[in-house]
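Input: a single structure, listed below in structure tokens.
Numbering (the UniProt record's numbering), first residue to last: 1 to 130.
Rendered as structure tokens:
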């Protein structure tokens, strides 16, 4: 069934709903970088809105930006590298929320990048300083 869908040139879209109730339409080919969403699509559970009750709107927007950049065929390695550096330079609370959401959504490359960013920020700091 997945082969038939990939052979057509028509793009499929999914609607992701944040915990705040905001909805975002995203190409299926981009959204399935999340193993959870990919499994839902393969199991036929994605015909309507996909509720992401553990992901707030701000975090979902950041994740969608990340997924779009990392799925873009027009982006070169240097653009992606610069995007990633800027992406993890955000506030500690925000990067931690993205890390939690990436874990929930099973987006391994985003999870690893955020975990490394958190580790680098707390390295050589006392618990009080963190």
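Ideal placement from N, C-alpha and C gives every residue a C-beta, glycine not left out.
Do you know how far the Cα of residue 88 is from the Cα of residue 18? 21 Å
Does the region 34-45 touch the region 71-81, meaning 3 or more C-beta pairs lie closer than 8 Å? no
For residue 25, write down the residues that DSSP places opposite it in a beta bridge. 15
Spatially closest choice to residue 47 from 121, 111, 14, by CA coordinates: 14
Could you tell me which residues DSSP pairs with residue 50 in its beta bridges? 16
Taking the alpha carbon of residue 54 as the reference point, which residue from 16, 101, 63 has its own alpha carbon closest? 101
So, using beta-carbon positions, are residue 52 and residue 26 closer together than 8 Å? No, the Cβ-Cβ distance between residue 52 and residue 26 is not below 8 Å.
Please name the residue in 28, 58, 122 whose C-alpha comes closest to that of residue 94. 58
First through last residue of the alpha helix (DSSP H) which encompasses residue 114: 108-122
Sort 99, 124, 128 by Cα distance to residue 115 and report the nearest one. 99
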